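Colleague:
Protein chains: 2
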Amino acid sequence: MNRLANVNIRVNEPVYLKDPLGTELGLRILEHAVRLIDELGLERFTFGKLAASLGTAESSVYRYFDNKHRLLVYLVGWYWSWREYKLVFDTANISDPTTRLEKGIRSMTEPVVDKGEFGYLDLRALYRIAVSESAKAYLTKEANDEHKEGYFSSFKRLSDRLRDLVVAVRPDHPYPTLLASTVIDGSMVQRFFADHLPSLTEKQARQRIPDHFVHLVFSTLALPKR
Amino acid sequence: MNRLANVNIRVNEPVYLKDPLGTELGLRILEHAVRLIDELGLERFTFGKLAASLGTAESSVYRYFDNKHRLLVYLVGWYWSWREYKLVFDTANISDPTTRLEKGIRSMTEPVVDKGEFGYLDLRALYRIAVSESAKAYLTKEANDEHKEGYFSSFKRLSDRLRDLVVAVRPDHPYPTLLASTVIDGSMVQRFFADHLPSLTEKQARQRIPDHFVHLVFSTLALPKR
DNA sequence: CATATACAATAGTATTACTATCGTCCTGGG
DNA sequence: CCCAGGACGATAGTAATACTATTGTATATG
Numbered sequence: 000m001n002r003l004a005n006v007n008i009r010v011n012e013p014v015y016l017k018d019p020l021g022t023e024l025g026l027r028i029l030e031h032a033v034r035l036i037d038e039l040g041l042e043r044f045t046f047g048k049l050a051a052s053l054g055t056a057e058s059s060v061y062r063y064f065d066n067k068h069r070l071l072v073y074l075v076g077w078y079w080s081w082r083e084y085k086l087v088f089d090t091a092n093i094s095d096p097t098t099r100l101e102k103g104i105r106s107m108t109e110p111v112v113d114k115g116e117f118g119y120l121d122l123r124a125l126y127r128i129a130v131s132e133s134a135k136a137y138l139t140k141e142a143n144d145e146h147k148e149g150y151f152s153s154f155k156r157l158s159d160r161l162r163d164l165v166v167a168v169r170p171d172h173p174y175p176t177l178l179a180s181t182v183i184d185g186s187m188v189q190r191f192f193a194d195h196l197p198s199l200t201e202k203q204a205r206q207r208i209p210d211h212f213v214h215l216v217f218s219t220l221a222l223p224k225r
Numbered sequence: 000m001n002r003l004a005n006v007n008i009r010v011n012e013p014v015y016l017k018d019p020l021g022t023e024l025g026l027r028i029l030e031h032a033v034r035l036i037d038e039l040g041l042e043r044f045t046f047g048k049l050a051a052s053l054g055t056a057e058s059s060v061y062r063y064f065d066n067k068h069r070l071l072v073y074l075v076g077w078y079w080s081w082r083e084y085k086l087v088f089d090t091a092n093i094s095d096p097t098t099r100l101e102k103g104i105r106s107m108t109e110p111v112v113d114k115g116e117f118g119y120l121d122l123r124a125l126y127r128i129a130v131s132e133s134a135k136a137y138l139t140k141e142a143n144d145e146h147k148e149g150y151f152s153s154f155k156r157l158s159d160r161l162r163d164l165v166v167a168v169r170p171d172h173p174y175p176t177l178l179a180s181t182v183i184d185g186s187m188v189q190r191f192f193a194d195h196l197p198s199l200t201e202k203q204a205r206q207r208i209p210d211h212f213v214h215l216v217f218s219t220l221a222l223p224k225r
């Protein structure tokens with residue numbers, strides 16, 4: 000993944016008021032927001048605390064993001080975009096579609112183990128945020144409207160990529176998109192359970208989440224075992 | 000499901016300060032809370048609005064529940080308990096374990112179509128709440144502590160029931176609990192996508208969620224198609 | 001008849017989620 | 001070199017939220 004570290008990941012849709020990647024303060028906002036949300040959880044995280052951590056005023060933060068929900072959408076969108084890059088990278092130059100599918104599922108369901116080299120944000124902390132908080136980005140009454148505005152387009156792109164890997168192997172499968180999003184979301188939920196509510200999964204499952212989802216998809220598609 | 004309508008579902012753990020099933024006002028709190036959360040979404044729902052809807056003071060609501068998170072945990076717990084009763088009912092008196100498993104998966108992943116006959120709460124509205132808000136009940140920093148207090152025991156019981164159906168068919172499957180919780184959570188997420196973010200699933204998938212999960216589990220367990 | 005309960009009503013506090021305004025530094029263009 | 005605009009810090013203020021506390025009163029219970 001080191002080659003990816005230099006890719007500059009951008010969140011396309013204007014979830015922000017002012018591009019945080021364009022200024023010094025913007026980058027610090029992302030950096031501190033990731034650290035604070037990871038530490039406090041989304042509920043206890045406030046723009047006031049963020050501003051205090053930055054040594055600036057709340058109003059400065061509000062120049063970048065309308066509210067903390069938008070900031071979350073931004074961070075989670077960044078995460079999905081990164082995950083998409085990683086997926087593309089991990090499945091490049093593999094000619095056999097079945098092998099590509101397996102690699103793709105593993106790439107998508109693997110935990111993030113290193114901090115990355117983005118400087119302005121800690122990838123491991125962002126991963127923990129994605130696991131614990133990403134569902135809150137879309138589980139709202141505004142989801143539909145926000146989706147139309149493209150707020151979740153990076154999730155959609157990621158999901159479509161995985162779907163395409165499925166379709167390449169089984170063009171006749173009736174619900175490849177459903178299968179793809181089940182894998183993505185399911186792997187996050189299982190990660191949360193394993194880390195925070197261990198009695199809801201098998202103890203050993205933590206290490207085997209990618210295996211489990213490879214097995215799930217492969218058997219559903221009636222592919223030979225891996 | 001009519002026979003179930005008279006079963007009195009109770010949330011065991013003291014998520015509440017005062018049992019809402021024990022008084023007139025308590026029942027009205029549940030009834031109005033379900034309606035309001037369904038209408039407004041959890042974020043916009045407040046105890047102030049609930050009290051106004053009840054024609055009483057906020058402090059009266061606070062006598063029953065510490066805060067809105069606890070109230071959500073209560074409602075979601077009630078929902079999982081109801082779902083467990085339904086599962087038990089739907090799989091009763093079926094001797095063939097494979098058929099039981101299929102019925103069980105269908106029971107668990109079917110949408111709720113009627114209001115139920117509980118009087119004090121509208122089951123369809125509660126179902127919509129479970130789909131949209133239940134993840135927020137456990138996706139918190141306090142999840143682990145709350146879990147130890149038994150806040151999520153009804154989810155655990157439900158998940159264990161489904162796991163047992165799997166184990167009865169395939170005693171050697173390595174991760175039946177993981178599989179069970181993937182089905183439960185996955186069916187909720189897919190329902191949300193189908194209803195609120197339709198571009199994230201196939202259009203026809205909405206009608207076929209139970210079929211999809213039956214197929215998923217059956218192929219994973221290498222059982223003959225249904 | 002005494003007492004506990006259930007509840008309504010009022011008041012008050014700390015925090016949150018903003019919005020608005022103003023002054024200042026810094027930079028780049030004319 | 002000046003000045004216009006952007007970027008930011010600082011202060012102030014508002015409305016809503018999430019509580020806590022207190023008191024009065026009707027009703028049921030023992």
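Protein sequences appear in the order of chains A and B.
Using numbering that gives the first Met the number 0, the final residue of the first sequence is 225, and nothing's skipped along the way.
Using numbering that gives the first Met the number 0, the final residue of the second sequence is 225, and nothing's skipped along the way.
C-beta atoms are modelled at their ideal positions from N, C-alpha and C, and glycine is treated no differently.
As the structure is a prediction and not an experimental result, all values here were calculated from the model.
Starting from B/N143, find everything on chain A with Cβ-Cβ shorter than 8 Å and list it in chain order.
Modeller: H195, L196
Colleague: Could you give the residue range of the alpha helix (DSSP H) that holds A/N11?
Modeller: Per DSSP, A/N11 lies in no alpha helix (DSSP H) and is assigned neither H nor E.
Colleague: Taking the C-alpha atoms as reference points, what is the distance between A/Y174 and B/L16?
Modeller: 45 Å
Colleague: Does the Cβ of B/K135 have 16 or more other Cβ atoms within 10 Å, making it buried, or fewer, making it exposed?
Modeller: buried
Colleague: Would you call B/E148 buried or exposed, if buried means 16 or more other Cβ atoms sit within 10 Å of its Cβ?
Modeller: Its Cβ having fewer than 16 others within 10 Å, B/E148 is exposed.
Colleague: Whole-angstrom Cβ separation of A/E109 and A/P209, contact assumed at under 8 Å?
Modeller: 6 Å
Colleague: Nearest chain A C-beta to B/I22 closer than 8 Å, yes or no?
Modeller: Inspection of the sequence shows that residue 22 of chain B is occupied by Thr rather than by Ile. With 8 Å as the cut-off, B/T22 does not count as an interface residue toward chain A.
Colleague: Taking Cβ positions, are B/L164 and B/L74 nearer each other than 8 Å?
Modeller: no
Colleague: Please report whether the beta-carbon of B/G185 lies at a distance below 8 Å from any beta-carbon of chain A.
Modeller: Closer than 8 Å to some Cβ of chain A, the Cβ of B/G185 qualifies, so yes.
Colleague: Please tell me whether B/F191 has its Cβ less than 8 Å away from any Cβ of chain A.
Modeller: yes
Colleague: Between B/Y84 and chain A, is the shortest Cβ-Cβ distance under 8 Å, so that the two count as touching?
Modeller: no
Colleague: If distances are taken between C-alpha atoms only, which option among A/L161, A/A167, A/G76, A/T90 comes closest to A/I128?
Modeller: A/G76
Colleague: Taking Cβ to Cβ, would you say A/V215 is nearer than 8 Å to B/L215?
Modeller: Here residue 215 of chain A turns out to be Leu, not Val, going by the sequence shown. Yes, Cβ-Cβ distance for A/L215 and B/L215 is below 8 Å.
Colleague: Tell whether a beta-carbon distance below 8 Å holds between B/F46 and B/V60.
Modeller: yes
Colleague: Let me see if you follow: with CB-CB separation under 8 Å, is B/M0 close to chain A or not?
Modeller: Low local confidence applies: a pLDDT of 45 at B/M0 is under 50, so the model's placement there is unreliable, and no value is given.
Colleague: Sorted by chain position, which residues of the same chain lie with C-beta nearer than 8 Å to A/R207's C-beta, five sequence neighbours on each side aside?
Modeller: Here the set comprises nothing.
Colleague: Measure the CB-CB distance between A/A32 and A/L20 and report whether it falls below 8 Å.
Modeller: The criterion of a C-beta distance shorter than 8 Å is not satisfied by A/A32 and A/L20.
Colleague: Output, in chain order, the set of chain A residues within a Cβ distance shorter than 9 Å of B/A129.
Modeller: Result: empty, since nearest Cβ-Cβ is about 11 Å, beyond 9 Å.
Colleague: List in chain order: all unbroken alpha helix (DSSP H) runs of 4+ residues lying wholly within the region 130 to 185 of chain A.
Modeller: 142 to 147, 152 to 168, all fully within the region 130 to 185 of chain A.
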